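In what follows, a single structure is set out as structure tokens and then discussed.
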């Protein structure tokens, strides 16, 4: 889930192109004979899959405990070179024109105040009126 | 997120992640720092939140000296923060150090304060020790494989430190030590002792600084003191009975000991003041949270103007204290002439103000503030002693007055 567009698709697309099984949002990974058991964080809770190898996995933040950076490493990081590569240098050719075109970018509407009702009947009626039921 | 006792994980997560987008928080301690300093601060805050805060109450209650946690901190470079890298130190500035101790202190003020004393001792050996002494002691101290204690105070000499009596008689290529030190942080549990003792005549010029190791015959310890706070570090008297110390273990020259002790304390004062800042910051966050949650007279306490004003005063004084400490750290780093006086001012101001802030935060918690289930009382108890040690706040006034009236 890239931090720029939040698309959550790179791992999935890669698995489709390779035709490999995928285990995304992995919060626990256990290697087995010839396969891997992946516990995934899904909206409803946790899903456990067994996948044949090779497979594509994407990591959820709960997969590992990040190490602390050490003070010397923080200082060294400042001096590391930052190399910028183009897609063609990596052997890729970006499509032209780009396949993705941004039509519009807007904030979600400001949250409106709600409305208190006296009982369940009024609640159902109110939801129906708004077209939510 | 900070898992202080009494603050649930969810609440704690909200507390330390001060709002970023749109809302500027006036007490944000990362303001004005370089990118690199922000990184140091982040590591220290993360470490404090995960490795220290969840245990600070237990360490206090059970009087545990958290050796393993401190060693983990040392692995990140916190064992010799302003010690030179060639002997295992991190080679950072006094300001970097202040930022780090302030951050660590939010997790456990008592433990961080001990770590700052340890750092001061390693710096003294690094700066004034012979090459042999540096190589012998500093690496294992920087990694906290070994721990250090600073021994200046005696039963008969606290504020009047230069009147100390512990004697070191020269015998061939050794010194023989006799006397005792009082209130030594880490005493009995630590491995390396940096001891100010008398090799010459009376007064400061007769004092030298020696390094002793635990296990030296004649080195013994008094009972573990029972304290109001600082319970995650043991405090004991250190007793010398004909302890033989090689001359090579002397830091600097004979008669330079008092000078070395004072130079160590300049940095020590900034560090202790920084620990007070961290405790006060944590206390302000806890108080703020409590004001939004607790309701009386039909409203959250946060709607009460008196409490709003009180919180604002606490925040104002916190920022003022922080600026004084960071300014003094900068002056010390640059070796400015006014550095010692500024360090004294910063220590005086920050420790006094921060105790008041922690105490006011406790008051805002009402009866809950008095329970050990809530972290705020421990911050109060732990910072109280910062107004006393490393030079009482009265002695700090002496130093500032001297600077003003000299010449």
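Residue numbers (this note's numbering), protein chains in the order written: chain A, 1 to 133; chain B, 1001 to 1407.
Built from N, CA and C at the ideal position, the CB exists for glycine as well.
Please read all numbers here as calculations on a predicted model, not as lab measurements.
Environment of residue i [buried if 16+ CB atoms lie within 10 Å]
i	result
residue 1233 of chain B	buried
residue 1061 of chain B	exposed
residue 13 of chain A	exposed
residue 120 of chain A	exposed
residue 1024 of chain B	The predicted model places residue 1024 of chain B with a pLDDT of 49, which falls under 50 and marks its position as unreliable; any figure quoted below should be read in that light. With fewer than 16 Cβ atoms within 10 Å of its Cβ, residue 1024 of chain B is classed as exposed.
residue 1309 of chain B	exposed
residue 1355 of chain B	buried
residue 1198 of chain B	buried
residue 1115 of chain B	buried
residue 57 of chain A	buried
residue 1022 of chain B	Low local confidence applies: a pLDDT of 34 at residue 1022 of chain B is under 50, so the model's placement there is unreliable, and no value is given.
residue 96 of chain A	exposed
residue 1297 of chain B	exposed
residue 1360 of chain B	buried
residue 1283 of chain B	buried
residue 48 of chain A	exposed
residue 1312 of chain B	exposed
residue 74 of chain A	buried
residue 1271 of chain B	buried
residue 116 of chain A	exposed
residue 1374 of chain B	buried
residue 1341 of chain B	buried
residue 10 of chain A	exposed
Endpoints, beta strand (DSSP E) assigned at residue i
i	result
residue 45 of chain A	45–52
residue 1196 of chain B	1192–1198
residue 1061 of chain B	Unbroken run through residue 1061 of chain B is the alpha helix (DSSP H), 1056–1062; no beta strand (DSSP E).
residue 27 of chain A	22–32
residue 1206 of chain B	Run containing residue 1206 of chain B: none; DSSP gives neither H nor E here.
residue 40 of chain A	35–42
Residues bridged to residue i (per DSSP)
i	result
residue 1150 of chain B	B:1194
residue 1232 of chain B	Partner(s): none; residue 1232 of chain B has no beta bridge.
residue 1300 of chain B	B:1295
residue 1246 of chain B	B:1174
residue 1388 of chain B	For residue 1388 of chain B, which the question treats as bridged, DSSP gives no partner whatsoever.
residue 1240 of chain B	B:1179, B:1219
residue 1169 of chain B	B:1176
residue 1251 of chain B	B:1209
residue 1157 of chain B	B:1154
residue 1185 of chain B	B:1235
Residue i CB to nearest heavy atom of the ligand GTP below 6 Å
i	result
residue 81 of chain A	In the structure on display, the ligand GTP does not appear, and there are no ligands present to speak of.
Terminal residues of the alpha helix (DSSP H) in which residue i lies
i	result
residue 1403 of chain B	1393–1405
residue 1344 of chain B	1339–1364
residue 1122 of chain B	1109–1128
residue 1133 of chain B	1131–1142
residue 118 of chain A	No alpha helix (DSSP H) contains residue 118 of chain A, which DSSP labels as neither H nor E.
residue 1201 of chain B	Here residue 1201 of chain B belongs to no alpha helix (DSSP H), and DSSP marks it neither H nor E.
residue 1316 of chain B	1305–1334
residue 11 of chain A	10–18
residue 1105 of chain B	1094–1105
**Request:** With 7 Å as the C-beta to C-beta threshold (strictly closer), list the residues of the region 1018–1052 of chain B near chain A in chain order.
**Result:** 1036, 1039, 1040, 1043, 1046, 1047
**Asked** Using Cβ-Cβ distances below 9 Å, what residues of the region 1075–1102 of chain B are close to chain A?
**Response** For chain A, the residues of the region 1075–1102 of chain B that bring a beta carbon within less than 9 Å of one of its beta carbons are 1075, 1076, 1077, 1078, 1081, 1085, 1090, 1091, 1092, 1096, 1100, in chain order.
**Asked** Going along the chain, which residues of the region 60–74 of chain A sit with their C-beta nearer than 7 Å to a C-beta in chain B?
**Response** 68, 69, 70, 71, 72, 74
**Request:** Give the residues from the region 78–97 of chain A that approach chain B closer than 7 Å (Cβ to any Cβ), ordered along the chain.
**Result:** 78
**Prompt:** Which full runs of the beta strand (DSSP E) of 3+ residues lie inside the region 51–82 of chain A, going along the chain?
**Reply:** 56–59
**Request:** List in chain order: all unbroken alpha helix (DSSP H) runs of 4+ residues lying wholly within the region 1029–1086 of chain B.
**Result:** 1035–1047, 1056–1062, 1067–1073
**Request:** Go through the region 1258–1286 of chain B residue by residue and report every complete run of the beta strand (DSSP E) that reaches 3 residues or more, in order.
**Result:** none
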